[in-house]
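Presented below is the structure to which this report refers.
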Amino acid sequence: MQVGLLGRKVGMTQIYKEDGTVLTVTVLECGPCTVLQVRSPEVDGYSALQLGFADKRRKSATQPERGHAKKAGSEPKRYVREIRQDKPVEGVGAGETLTVEVFNGISCVDVTGTSKGRGFAGVMKRHGFGGLRATHGVKRMHRHPGSSGPSADPSRTRKGIKKPGHYGNERVTVRNLDVVKIDAAQNLILVRGAVPGPNGGYLTIRQTNKV
Amino acid sequence: MQNKFMEHVESACLKEKVPSFEIGDTVDVHVRILEGEKERIQIFNGVVIARSGSSTREMFVVRRIVQGEGVERKFPLQSPRIADIVVKRSGKVRRAKLYFLRDRTGKAVRLKERAPAKLTAAQAQAVKQEKREIRKTNKKAKADAKVARAAAAADSKANSAESDS
């Protein structure tokens, strides 16, 4: 089974290993998640586990949401995602609760979330361009992209040229993060490095598929 | 204040007891150094000129003059590589960051000594009690060792007497 859970980003900090080296870690609140539905090849055409994390108030849940949760005998959930499976799921049924302990023995995870929105961003922020020079006659063009291609031939801009535009607030997956620690009592998982989104943002954490 | 989960994670890797020292104190910082397999302790002596950060990120800066050249080292307070911090002398200072010492040379670097803070009666009592306990345990260990030694000596004597006969 592909192991996965839903959670929330708590924040980043640093911890010391016994030999004094520092690990930069992100703390993730991970589960407990309720299995809302098990997708099977016969019915749905593919295998997956549908998980729900964090209760939603019944009042603010729609009627379909309430009905769907009721089938699994749970409250409507705020964050619902599916964990795709290679093979049909066995041993886990709707209504069961998965905790962070499912990650025991897993050394690397992928984390998916929504990155921080940056609005309409220029090319320096969005694509890491270097900008133009600060002096030597550059006039009010310091953060500009410069040229966007040749002139008379082809007398158009080539497709795929990096330009300013909306940046962030999109689905981002960070793959192959080391699991530093699993704290079953507090439902926490510590991964090495950064994950997308703000503190408190919802995340999908699954066993890495990077070989 | 921070999130309770964050606090939980950070408190797990804090040191149980951090030696207390203040800005302006002259301290010996005992730094663990790994040389291949062997571990030894290097001592860096100097004046604490700054402390920054909090929790696991807390750092302190120690400044000393080596061969007429100012040397500053910044240590992570919670690192397991910092074995101990021993206060040698307390300086009388009126600010949290002693960066003004960087512009000074020679005699001007000196700080006036600060009388150690007066303990309250309860604290003094506690310190006294702690010292008494240490003395007691030491004495007891010594006595035990003496008894053990005497017993061992008697044993060996008896053994030798047996073998003689």
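Protein chains in written order, with the numbering used here: chain A, 64 to 274; chain B, 185 to 349. For each residue, glycine too, the CB sits at the ideal point set by N, CA and C.
Asked	Found
Proximity winner among A:Ser-110, A:Gly-212, A:Thr-84, A:Thr-76, relative to Gln-65 (chain A) (alpha-carbon distances)	A:Ser-110
Simplified DSSP state of Lys-134 (chain A), which is helix, strand or coil	helix
Glu-223 (chain B), enclosing beta strand (DSSP E) - first and last residue	222 to 236
Neighbour flag for Arg-265 (chain B) against chain A, beta carbons, 7 Å	yes
Extent of the continuous alpha helix (DSSP H) to which His-190 (chain A) belongs	186 to 190
Glu-81 (chain A) beta carbon near the ligand SAM (any heavy atom closer than 6 Å)	Although the ligand SAM was asked about, the structure shown includes no ligands whatsoever.
Cβ pair Asn-239 (chain A), Lys-188 (chain A) closer than 7 Å	no
Closer than 9 Å at the beta carbon, the chain B residues around Tyr-79 (chain A)	Cys-197, Thr-240, Pro-260, Gln-262, Ser-263, Pro-264, Arg-265
Where Asp-107 (chain A) sits in the DSSP three-state scheme	helix
Helix, strand or coil at Phe-183 (chain A) [DSSP, three-state]	strand
Candidates B:Lys-341, B:Ala-342, B:Lys-201, of which the one nearest Asp-268 (chain B) by Cα	B:Lys-201
Within-7 Å CB hit, Met-190 (chain B) to chain A	yes
Anticipated Cβ contact below 8 Å, Val-163 (chain A) with Gly-94 (chain A), distance rounded	5 Å
Where Ala-124 (chain A) falls: helix, strand or coil (DSSP)	coil
Helix, strand or coil at Val-250 (chain B) [DSSP, three-state]	strand
Option in A:Gly-264, A:Lys-222, A:Lys-202 with minimal Cα separation from Ser-61 (chain A)	Outside the displayed span of chain A (64 to 274) sits residue 61 (chain A), for which this structure offers no information.
Between the CA atoms of Arg-288 (chain B) and Ala-299 (chain B) - distance to the nearest angstrom	24 Å
Val-85 (chain A) versus Glu-191 (chain B) - alpha carbon distance	17 Å
Buried or exposed (CB count within 10 angstroms, at least 16 for buried), Gln-313 (chain B)	exposed
For Gln-270 (chain A): DSSP bridge partner residues	A:Val-172
Cutoff 7 Å: Glu-194 (chain B) Cβ touching any chain A Cβ	yes
Near-chain B residues of the segment 65 to 79 of chain A (beta-carbon distance less than 7 Å), N- to C-terminal order	Val-73, Gly-74, Thr-76, Gln-77, Ile-78, Tyr-79
Within chain B, partners of Gly-83 (chain A) - CB distance below 9 Å	Arg-216, Leu-218, Pro-260, Ser-263, Pro-264, Arg-265, Ile-266
Buried versus exposed call for Pro-127 (chain A) [16 or more other C-beta atoms within 10 Å across all chains shown]	exposed
Beta-bridge partners of Leu-69 (chain A), as assigned by DSSP	A:Thr-267
Proximal chain A residues relative to Asn-322 (chain B), where beta-carbon distance stays under 9 Å	Neighbours of Asn-322 (chain B) on chain A: none; closest Cβ ~30 Å, over 9 Å.
Arg-224 (chain B) versus B:Arg-265, B:Glu-297, B:Arg-316, residue with shortest Cα-Cα distance	B:Arg-265
Span of the alpha helix (DSSP H) around Val-90 (chain A)	No alpha helix (DSSP H) contains Val-90 (chain A), which is instead part of the beta strand (DSSP E) from 85 to 93.
Whole-angstrom distance between Arg-235 (chain B) and Val-213 (chain B), CA atom to CA atom	14 Å
Enclosing alpha helix (DSSP H) for Val-271 (chain B) [first to last residue]	Looking at the DSSP string, Val-271 (chain B) is not in any alpha helix (DSSP H); the run it does join, the beta strand (DSSP E), is 266 to 273.
Chain-ordered neighbours of Ala-187 (chain B) on chain A, where CB pairs are closer than 7 Å	A quick correction: the sequence has Asn, not Ala, at residue 187 (chain B). What Asn-187 (chain B) touches in chain A: Val-73, Gly-74.
Option nearest Gln-17 (chain A) by Cα separation, candidates A:Arg-71, A:Lys-80, A:Arg-269, A:Pro-139	Within the shown structure, residues of chain A are numbered from 64 to 274, placing residue 17 (chain A) beyond reach of any answer.
Residues near Ile-249 (chain B) by beta carbon distance below 7 Å, same chain, minus five either side	Val-293
Chain B contact for Val-90 (chain A) (CB, 7 Å cutoff)	yes
Short CB-CB distance (under 7 Å) between Leu-240 (chain A) and chain B	no
Proximity test, Cβ basis, 7 Å: Leu-251 (chain A) and chain B	yes
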